[in-house]
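Position in the sequence shown counted from 1, then plus 138, gives you our numbering. For glycine and all other residues, C-beta sits at the position ideal for the given N, C-alpha and C. The next block holds one structure in the form of structure tokens; read it before the comments.
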Amino acid sequence: MDFAREWRVITEETKMGWFSVLFDNGEVRGTAIGHADATAAEKGARRAARDNQHTTVQGSMEEIVNDFRGYFHGELVDFGRYQFNVSQASEFHRHVTAALVQIGYGERLSYRDLAMEAGSPGAARAVGNIMRKNPLPLIVPCHRVVGSSGHLGGFSAPGGTTFKQQLLDLERQHVQAQMKLCGTANDDKSTWDSQGTLNFSPA
139 MDFAREWRVI TEETKMGWFS VLFDNGEVRG TAIGHADATA AEKGARRAAR DNQHTTVQGS
199 MEEIVNDFRG YFHGELVDFG RYQFNVSQAS EFHRHVTAAL VQIGYGERLS YRDLAMEAGS
259 PGAARAVGNI MRKNPLPLIV PCHRVVGSSG HLGGFSAPGG TTFKQQLLDL ERQHVQAQMK
319 LCGTANDDKS TWDSQGTLNF SPA
């Protein structure tokens, strides 16, 4: 059966390229970000949906699309609040996804540490494979997973690691701006280490 006939695709332009979100019977089945034009973005979302075997997200179309808009406007968006369906995935994949969606806005985690969080120390390479095949970029924040030495690793979206760095910079700038508003980022008393972790220095 061709389920594509039931798919609804929303595609919009942002200051960081075009995004596309594909909905299938009330669930997000594929997303694409950072594309140069609408056609490429929609093709990316459809390709992700066709290849997606086991990860969907439940949520209203309006709310999820608004979250994408807000994210690319520099707003703090928590995609982790949505309900993720990974019941058809392997146990390892389920554990990785559960740990991955807990990586907060503006944070980073290494492939090695994500494997440990998922209960499989030493499985960093397998974690990398899951990140590479992620059908729901941004909602499932694979861009927040980096190498242990601080290098970015890979990224399958257009622009590769350059775009990955732009996403991380967008989040970091927003967090730093919020801290400044709250009076906690004055006098250079906070720094970001190579893993993107915010460290506070005593006054």
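- Residue 287 is not a Cβ neighbour of residue 250, given a cutoff of 8 Å.
- Pairing residue 161 with residue 199 gives a Cβ-Cβ distance under 8 Å.
- Going by beta carbons, residue 218 and residue 196 fall outside the 8 Å limit.
- Just so you know, the alpha carbons of residue 150 and residue 181 end up roughly 13 Å apart.
- Under the three-state reduction of DSSP, residue 162 is assigned to strand.
- Residue 318 has its alpha-carbon roughly 33 Å from the corresponding atom of residue 222.
- For residue 309, the number of other beta carbons within 10 angstroms of its own is at least 16, and it is reported as buried.
- Put simply, the backbone Cα of residue 170 is about 18 Å away from that of residue 216.
- By the beta-carbon neighbour count (other beta carbons within 10 angstroms, threshold 16), residue 189 is exposed.
- Linking residue 258 to residue 230 through their CA atoms gives a straight-line distance of about 8 Å.
- Runs of the beta strand (DSSP E) lying entirely within the segment 216 to 294, each at least 3 residues long, are 221 to 223 in chain order.
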